[in-house]
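Accompanying notes for the structure given below.
Numbering (the numbering used here), first residue to last: 3 to 59.
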């Protein structure tokens, strides 16, 4: 968005129109209309074990 509030590019597409309110809200609200958040603390159960190295032939 430029200084006048006009959208000049979206994802590399020059001349795109500005997002409307509904489109903007889809980016940060969940299905219940609440702001979605993530935690900075990881859960060890979310990680996959390392795969063994590839066998060299």
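No residue lacks a Cβ here, since even glycine has one placed at the ideal position from N, Cα and C.
If I follow the unbroken alpha helix (DSSP H) through residue i, where does it start and stop?
i: residue 29; result: 23 to 30
Looking only at its own chain, which residues have a Cβ that is under 8 angstroms from the Cβ of residue i, when we skip the five neighbours before and after it?
i: residue 39; result: none
i: residue 32; result: 38
I want to check one thing, is the minimum distance from the CB of residue i to the heavy atoms of the ligand NAP below 7 angstroms?
i: residue 27; result: With respect to small molecules bound, the structure shown includes none, and the ligand NAP cannot be examined in it.
Who are the near neighbours of residue i in its chain, counting only those whose CB is closer than 7 angstroms to its CB and skipping five residues on each side?
i: residue 30; result: 37, 38
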